[in-house]
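Novice: The numbering used here numbers the first residue of the sequence shown as 37 and each following residue consecutively.
A virtual CB, placed ideally from N, CA and C, is assigned to each residue, including glycine.
The structure presented is a predicted model; accordingly, all values stated were derived computationally and were not measured.
Have a look at the structure that comes next, please.
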Amino acid sequence: MQNLEELDALQQEGLKALEALNNSAELPHWYREYLGRKGRLTTLLRGVGNLSAEERPLAGRRGNEVKKALEDAFQTRQDSILAGELEASLDEAVDITLPGRPLTPGHLHLSTRSMRNYREIFAEMGFQVYEAPEVETDENNFTLLNIPPYHPARDMWDTFWVNDEVVLRTHTSPGQIRCMRQYHPDPIRVILPGKCYRFEQITPRSEHQFYQIEGLAVGHNIRMTDLIGTLRQFAEKMYGEGRRMRIRGSYFPFTEPSVEVDMDCILCKGQGCRVCKHTGWLEIAGAGMVHPVVLKNGGYDPAEWSGFAFGMGVERPAMLQHGIEDIRYFYGNDLRFLRQF
Ligand code: DAH
């Protein structure tokens, strides 16, 4: 029977051709030729229909055997070629003198770095760090700081209210009350760093979350000159020797007298530029002598005790120092920005 012989011949030829393949790229081509839908085996098997009724089952069975044999052989050959190629690729020499790919390790956020700077400088002057919560009572945030309900000074802080009695702190000053109540009747010298929140329109100049560093010293005979000396020392350590400083009278409900503290512009060194609006000065802190009412609320008798306090922003000075034009970058999580610092 011619058909059976042809099937045998096809099997022999296919197996030989398979052995002769050199690499995996040739595998699909072989498969298509022998076992594909338009391949040689299919074509032969199509002829089976023309055979006589006795011959047909024989040829059909043989056809299936050939198909199975070729498929098994293909699988085995494919496995061995792929394994060989993997082996060869591993044998390739590794050039251990090539420089490694650099890793980009993470680093601290600009705000965190600034905060640590402040902490270090004040630590050298003997200030401890006092941590107070970001979610505060109205009492601590306002009332005990001498800002009673309905007092117009409340308008100075646009507030996120959690409920009628609880707020997201609008400044770090409420920590003063907590600290005094915890430490009295001992003297105090602390900074209170932390996140604050204000119900602000977000613009390049203002965010609704930002950091502040609060300072508080309570003791006997603490004077305005102590405040000025402390801030002067801070400014020199933070921004360099020979800084000039000036104070202007101001108003805060929790200090009396209250001042605002300016430093000569770090960019133009007091000559006048766009950043300092041609005044030569930059504001660095609100400050003053702790108001007697606040001392009393903290548990200290204002007849015997006095104190100074100050509050400083963190992001604005960092913006000036690094020429950052938009405060929103601080919370934008854009790595192209963050990696620069
Ligand atoms: N808490 C004030 C604010 O956020 C800043 C401030 C001013 C803090 C004077 C003080 C101070 O401790 O004495 O606007």
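#1: According to DSSP, is isoleucine 224 part of a helix, a strand, or is it coil?
#2: For the candidate residues Leu57, Pro135 and Arg137, whose alpha-carbon lies nearest to that of glutamate 121?
#3: With a Cβ-Cβ cutoff of 8 Å, do glutamine 111 and leucine 63 count as a contact?
#4: For a test of your reading of the model: does the CB of serine 294 fall under 7 Å from any non-hydrogen atom of the ligand DAH? Yes or no.
#5: Looking at the strands, I want to know which residues DSSP matches up with glutamine 164.
#6: With respect to 7 Å, is the separation between the Cβ of glycine 230 and the closest non-hydrogen atom of the ligand DAH below this value?
#7: Where are the beta strand (DSSP E) runs, 3 residues long or more, that stay fully inside the stretch 188-245, in chain order?
#8: Pick helix, strand or coil for tyrosine 247, following the three-state DSSP scheme.
#9: Quick check on this structure: which residue in Ala159, Phe344 and Arg364 has the alpha carbon closest to the alpha carbon of arginine 352?
#10: Indicate, with yes or no, if the ligand DAH has a heavy atom lying under 7 Å from the CB of histidine 207.
#11: Helix, strand or coil: how does DSSP classify glutamate 158 here?
#12: Using 7 Å as the cut-off, classify the Cβ of glutamine 248 as near or not near the heavy atoms of the ligand DAH, replying yes or no.
#13: Report the three-state DSSP secondary structure of proline 169 (helix, strand or coil).
#14: Tell me whether the beta-carbon of leucine 356 lies closer than 8 Å to the beta-carbon of leucine 331.
#15: Between threonine 291 and the ligand SAH, is the CB less than 7 Å from at least one heavy atom?
#16: Mind checking whether glycine 347 and histidine 244 have CB atoms under 8 Å apart?
#17: Taking all protein chains shown into account, decide if glutamine 237 is buried (16 or more other Cβ within 10 angstroms of its Cβ) or exposed.
#18: Should alanine 345 be listed as close to the ligand DAH, given that the test is whether its C-beta is under 7 Å from any heavy atom?
#19: Who does serine 342 pair with in a DSSP beta bridge?
#20: Within the continuous alpha helix (DSSP H) that includes alanine 119, where are the two ends?
#21: Alpha carbon to alpha carbon, what distance is there between glycine 136 and valine 295?
#22: From the DSSP output, in three-state form, read off aspartate 131 for me.
#23: Tell me the DSSP secondary structure of valine 329 in three-state form.
#24: Out of curiosity, what's the CA-to-CA distance linking tryptophan 66 and lysine 74?
#25: Could you give the distance in angstroms between the alpha-carbon of glycine 255 and the alpha-carbon of tryptophan 341?
#26: How many Å lie between methionine 216 and tyrosine 287 at the Cα?
#27: Does the Cβ-Cβ distance between aspartate 300 and glycine 316 come in under 8 Å?
#28: Considering only heavy atoms of the ligand DAH, does any lie closer than 7 Å to the CB of phenylalanine 158?
#29: Taking just the CA atoms, how far does glutamine 307 sit from threonine 173?
#30: Are there three or more Cβ pairs, one per stretch, closer than 8 Å when the stretch 93-113 is compared with the stretch 43-56?
#31: Within 10 angstroms of the Cβ of glycine 359, are there 16 or more other Cβ atoms? Answer buried if so, exposed if not.
#32: To the nearest angstrom, report how far apart aspartate 131 and glutamate 123 are at their CA atoms.
#33: Please check the pair asparagine 153 and methionine 274, which I expect to be a contact at CB under 8 Å, by giving their CB distance rounded to whole angstroms.
#34: Cβ of phenylalanine 366 within 7 Å of any heavy atom in the ligand DAH?
#35: So what does DSSP say about valine 311, is it helix, strand or coil?
#36: Could you tell me which of Ala89, Val326, Val329 and Gly276 sits nearest to lysine 305, measuring between CA atoms?
Specialist: Working from what's here:
#1: Secondary structure at isoleucine 224: strand, using DSSP grouped into helix, strand and coil.
#2: The shortest CA-to-CA distance from glutamate 121 to any of Leu57, Pro135 and Arg137 is the one to Leu57.
#3: Not a contact, by the Cβ cut-off of 8 Å.
#4: Taking 7 Å as the cut-off, the C-beta of serine 294 counts as close to a heavy atom of the ligand DAH.
#5: DSSP, once it has assigned bridges, lists Val226 as partnering glutamine 164.
#6: Between the ligand DAH and the CB of glycine 230, the shortest heavy atom gap is not smaller than 7 Å.
#7: Restricting attention to beta strand (DSSP E) runs no shorter than 3 residues, the stretch 188-245 encloses them at 202-204 and 224-233, ordered along the chain.
#8: Shown here, tyrosine 247 sits in a strand according to DSSP, grouped into three states.
#9: Comparing Cα-Cα distances from arginine 352 to each of Ala159, Phe344 and Arg364, the minimum goes to Arg364.
#10: For histidine 207, the shortest separation between its Cβ and any heavy atom of the ligand DAH lies below 7 Å.
#11: Note on residue identity: the sequence assigns phenylalanine, not glutamate, to residue 158. If DSSP states are grouped into helix, strand and coil, phenylalanine 158 belongs with the helices.
#12: Result yes, Cβ under 7 Å from the ligand DAH.
#13: Of the three classes helix, strand and coil, the one that applies to proline 169 here is coil, per DSSP.
#14: No, Cβ-Cβ distance for leucine 356 and leucine 331 is not below 8 Å.
#15: Inclusion of the ligand SAH in the displayed structure is not the case, the ligand content consisting of the ligand DAH alone.
#16: For glycine 347 and histidine 244, no; Cβs fall outside 8 Å.
#17: Label assigned to glutamine 237: exposed.
#18: At least one heavy atom of the ligand DAH sits closer than 7 Å to the Cβ of alanine 345.
#19: Answer by DSSP bridge pairing, in chain order: Gly255.
#20: DSSP places alanine 119 inside the alpha helix (DSSP H), whose first and last residues are 91-127.
#21: When rounded, the distance between both Cα atoms is 56 Å.
#22: When DSSP states are grouped into helix, strand and coil, aspartate 131 belongs to the coil group.
#23: In the structure shown, valine 329 sits in a helix (DSSP, three-state: H, G or I).
#24: For tryptophan 66 and lysine 74, the distance between alpha carbons rounds to 12 Å.
#25: Cα to Cα, the separation comes out at about 6 Å.
#26: Spanning the two alpha carbons is a distance of roughly 22 Å.
#27: Yes.
#28: No; taking the cut-off as 7 Å, the Cβ of phenylalanine 158 has no heavy atom of the ligand DAH nearer than that.
#29: Going by C-alpha positions, threonine 173 is about 44 Å away from glutamine 307.
#30: A contact exists between the stretch 93-113 and the stretch 43-56.
#31: Result: exposed.
#32: Spanning the two alpha carbons is a distance of roughly 18 Å.
#33: Contact holds; Cβ gap of about 7 Å.
#34: Not under cutoff, so the answer is no.
#35: Note: valine 311 maps to coil in three-state DSSP.
#36: Of Ala89, Val326, Val329 and Gly276, the residue nearest in Cα terms is Gly276.
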